[in-house]
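Below: the structure, in structure tokens.
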């Protein structure tokens with residue numbers, strides 16, 4: 004995944020972008036052999052292409068798209084992508100148009116990541132300059148975009164016809180808008196991302212920080228210290244204080260967009276039970292973990308085993324788990340809102356009820372923004388090998404369980420646990436590396452000998 | 037030693053508190069050399085200990101109840117079977133060219149019993165290697181378009197509907213039969229099957245349907261059974277896709293004939309089905325025999341080292357030994373039986389066990405030396421056939437659809453009189469009847485007993501939990517060595533930097549080198565990735581080469597070699613000449629490359645052990661020493677000590693042995709003498725492997741790229 008980083012030296016950015024697009028197109032032309040859209044790693048009940056087509060079919064025959072607990076996505080996706088599920092071109096692969104939409108979504112996401120990365124890099128350079136540190140830093144935007152595009156997870160999610168490229172695009176759109184202070188765009192991205200998958204709602208915290216204080220920078224305390232040393236308090240070089248103006252602006256736009264989206268949904272579901280039906284079978288479906296078919300998360304196994312009596316209790320426990328982590332992280336990383344967003348996305352993809360590899364693709368891509376800060380991250384080789392190993396082991400275990408019949412569900416669940424552990428290690432190491440980086444900057448300024456660990 | 041090392045470590049890094057698990061990790065990593073030597077020897081030793089550790093088999097599914105009812109097969113049924121044998125061996129039934137006559141006879145016999153009969157026409161389908169089929173569902177039911185009318189086979193299928201059943205489940209009995217040149221053995225196997233079949237039409241206890249498949253083995257036993265299974269499991273709904281064998285006049289002729297000659301409504305031209313298969317038995321009788329008693333051989337290995345449920349083998353073994361007095365055999369590597377070193381090893385184990393028993397009487401794990409040798413030979417063949425991934429009989433086709441199946445080959449004492457024939461018919465028939473009756477008792481499909489096991493004798497097995505220990509010991513050094521190399525490479529760069537830079541003098545370049553440090557393995561990862569990519573390309577090449585028509589094995593092998601080299605050169609030039617940059621690296625870089633390679637091998641072996649244990653075990657035996665010893669030749673030459681010289685020789689020898697063609701030649705040379713070894717043979721061998729979609733094939737490529745690192 005991260006290996007792309009070194010290749011940039013010899014190849015230009017655009018070569019790699021075209022190469023990845025061509026690779027996707029080649030894979031789209033061999034969909035029969037790959038059969039990716041039926042893999043549990045790629046298509047969850049929320050993102051599955053088959054369910055989307057089914058929902059569209061139901062709607063076309065004047066039934067509620069949520070009938071029969073098949074479709075659980077947004078009604079807007081049905082209207083936008085639904086027609087593509089049945090349109091065929093003679094002599095071409097079945098779902099060519101739909102695949103092309105996914106490819107375009109991926110490319111657009113990559114471009115947005117690149118632009119955001121350039122923003123972040125500028126901000127980083129500016130803060131280093133105001134701290135009087137000179138440092139050679141990598142072009143993190145290009146790297147992040149290439150990691151996102153060339154990541155096998157992204158490619159698999161794109162070729163596997165899941166809707167996660169579009170969800171990812173909404174999330175990235177939100178972050179991009181917030182970074183470049185396009186408040187309506189940010190609000191639009193946030194509303195759509197939340198509409199498509201509930202978990203993106205917590206991104207509102209990093210977005211507020213982004214709009215309030217601007218993109219990532221070292222802690223504010225550091226600047227104050229620096230200027231105390233120099234004994235000239237230059238207000239212009241300080242990062243701005245938190246300002247409520249853009250946040251209120253954002254809230255207004257978010258309200259506007261959500262009303263708009265709800266009205267659209269209401270219109271499209273008017274005969275089929277209205278908005279309440281939609282909330283019940285999208286958000287309700289996510290929160291109550293109704294579908295226990297295997298996926299790469301850990302919840303399906305747990306809720307298949309748990310007694311019915313305790314089910315509600317554990318549902319609350321699992322979901323509060325995410326909420327518990329929001330506040331401490333927000334306090335600790337409030338000066339780095341983009342990194343906070345990355346950590347939130349990673350935690351959500353670890354604890355959400357129906358995770359897929361598309362979610363990992365998103366946070367691994369965002370990780371690329373912070374190559375400069377995370378240069379000292381520990382266990383990088385271990386994590387890399389772990390990801391490679393798990394992504395190969397999981398289909399094998401699935402094969403043993405489902406097709407050969409020699410394994411059982413525990414085999415597959417074991418890989419899911421390993422995968423969750425890897426993500427935990429990644430988040431923990433990532434956060435500690437970021438904090439160490441801040442500490443190192445502080446030491447460089449105050450001139451203390453640097454200690455590696457806390 | 038350990039304490040001093042730890043002390044020195046704690047001197048280097050004055051950390052206030054180190055958690056015990058971290059300390060253990062550091063200890064293991066710092067002693068990785070001793071650790072890996074100990075682990076490897078322990079792994080190999082544990083492999084040789086497996087026959088001693090084997091447990092006796094037991095029937096774990098209670099519902100089976102083998103042998104609880106007395107056999108009902110009587111002389112009446114035996115004489116029925118005899119009649120069929122006589123009719124089939126009758127010279128005038130063989131007069132027809134296509135062997136249709138004998139199929140007609142069989143069908144008539146089945147109809148007389150009141151069974152439903154149908155013919156299944158099939159075209160022998162060559163096994164096509166398809167690169168990506170491993171992870172997809174067993175069979176997507178692809179049909180080749182260009183059939184010719186000249187080559188088709190006919191399977192005769194008879195189905196008895198169970199009086200008590202609901203038609204949801206079935207038991208399959210397969211007898212391969214080549215109508216064109218059938219030996220007496222094949223006719224006899226049909227006779228046994230028929231006598232059982234005639235019994236089963238009368239019994240009242242039957243709860244599962246019985247399917248008797250007479251597989252036309254003129255294009256190979258496996259192909260016939262596989263074609264029938266494919267048709268059985270993938271029903272075709274549209275009329276367009278019916279096989280165009282129907283178009284052939286010859287075939288249609290046959291069925292018209294049938295329609296006239298065979299009366300009764302139970303015959304049908306269409307494909308007949310029963311329920312899902314609970315299990316399948318393939319019955320064969322060997323023609324010539326040198327044994328002194330009636331034996332029955334069990335073949336169980338299916339494709340990719342999959343085995344049927346152990347309970348099936350247990351039932352057959354129990355009934356054959358305790359009820360019918362047959363000797364049960366499983367395949368052995370005969371060459372190992374006479375090896376003296378194995379015998380002495382067995383004696384050592386035996387004496388060790390005696391000592392242990394004298395120390396503490398409850399320790400009873402020793403087995404006699406002869407038994408040990410036999411167990412090892414069986415285990416070796418079990419490993420070999422599982423590793424090869426090629427099924428040992430038509431039963432392999434069933435396993436692809438999750439049906440447990442075994443092949444039973446009865447080899448009788450050689451004599452020709454009628455009494456003996458009746459005896460074999462009776463005992464074989466009763467054995468089959470007993471097995472079918474047991475399986476008939478099953479309430480769900482086989483799941484109680486093991487699927488992952490190795491046999492050391494028909495009544496002894498090594499379960500997955502035991503043999504995995506040997507494998508785990510063997511590959512345990514890999515992550516250790518990888519970690520220690522990685523840590524070394526990182527810390528050495530740290531130390532050199534730590535001398536030069538004091539905290540006050542941090543410069544830009546220093547910052548940059550820090551930035552690179554923890555991600556420096558990316559370069560090596562890139563190199564390893566490219567070599568893997570090359571391996572993948574090389575492994576996919578034969579698929580394309582085999583599309584070229586009219587190629588002798590030797591030329592296609594040459595094309596393969598040429599294309600492989602060409603692809604390496606292309607990759608090399610396209611992807612920024614990784615090998616050139618590898619040459620320019622220093623020792624540190626090299627250590628990183630080795631570390632990444634070892635971790636990738638570890639991942640690969642771990643994966644392979646889940647897919648196919650035997651392949652992984654054999655591969656680990658080859659690759660682990662190779663990975664651990666690998667060292668650039670230049671460095672060894674420069675060092676010039678005796679130790680490094682030895683290591684260099686080891687490397688060269690191992691590298692050459694493990695290179696697949698070389699390994700193949702050595703093996704072949706040992707078996708047949710070096711005279712007739714030929715490059716083309718290697719091609720044939722590889723082709724046969726990929727034809728079976730074998731995981732071994734993937735593995736060979738893995739070995740190849742390791743070699744290219746050496």
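Residue numbers (the working numbering), protein chains in the order written: chain H, 4 to 457; chain V, 37 to 746. Where a beta carbon is used, it is the ideal one built from N, C-alpha and C, also for glycine. Note that this is a predicted model, so its numbers are computed, not measured.
In the DSSP assignment, the beta strand (DSSP E) including residue i goes from what residue to what residue?
i, result
"residue 248/V", "245–252"
"residue 496/V", "496–499"
Taking DSSP's pairing of strands, which residues face residue i in a bridge?
i, result
"residue 154/V", "193/V and 304/V"
"residue 207/V", "246/V and 315/V"
"residue 441/V", "316/V"
"residue 366/V", "334/V"
"residue 212/V", "251/V"
"residue 18/V", "The structure shown does not extend to residue 18/V, since chain V spans only 37 to 746, so no value can be given for it."
Over the uninterrupted alpha helix (DSSP H) stretch that includes residue i, give me the two end residues.
i, result
"residue 390/V", "376–395"
"residue 357/H", "Looking at the DSSP string, residue 357/H is not in any alpha helix (DSSP H), and its letter there is neither H nor E."
"residue 31/H", "16–31"
"residue 202/V", "Unbroken run through residue 202/V: none, as it is neither H nor E."
"residue 113/V", "111–125"
"residue 121/H", "99–133"
"residue 749/V", "Outside the shown range of chain V, which is 37 to 746, sits residue 749/V, and nothing can be said about it."
"residue 659/V", "649–665"
"residue 141/H", "It is not in any alpha helix (DSSP H) - residue 141/H carries neither H nor E in the DSSP assignment."
"residue 257/H", "248–271"
"residue 140/V", "136–148"
Applying the criterion that 16 or more other CB atoms from any shown protein chain within 10 Å of the CB defines a buried residue, is residue i buried or exposed?
i, result
"residue 116/V", "buried"
"residue 15/V", "Residue 15/V cannot be examined here, being either before or after the span of chain V that is shown, 37 to 746."
"residue 396/V", "exposed"
"residue 127/H", "buried"
"residue 203/V", "exposed"
"residue 17/H", "exposed"
"residue 314/H", "exposed"
"residue 378/H", "buried"
"residue 199/V", "exposed"
"residue 15/H", "exposed"
"residue 197/H", "buried"
"residue 71/H", "exposed"
"residue 255/H", "exposed"
"residue 73/V", "exposed"
Let me know the secondary structure DSSP gives residue i once reduced to three states.
i, result
"residue 463/V", "helix"
"residue 490/V", "strand"
"residue 344/V", "coil"
"residue 255/V", "helix"
"residue 446/V", "strand"
"residue 426/V", "coil"
"residue 292/H", "coil"
"residue 564/V", "helix"
"residue 321/V", "strand"
"residue 379/H", "coil"
"residue 595/V", "helix"
"residue 69/V", "helix"
"residue 310/H", "coil"
"residue 456/V", "helix"
Complete alpha helix (DSSP H) runs within the segment 394–435 of chain H (minimum length 4 residues, chain order): None, since the segment 394–435 of chain H contains no complete alpha helix (DSSP H) of that length.
At 4 residues or longer, what runs of the alpha helix (DSSP H) sit wholly inside the segment 35–91 of chain H? If we require 4 residues or more, the alpha helix (DSSP H) runs fully inside the segment 35–91 of chain H come out as 52–63 and 78–89.
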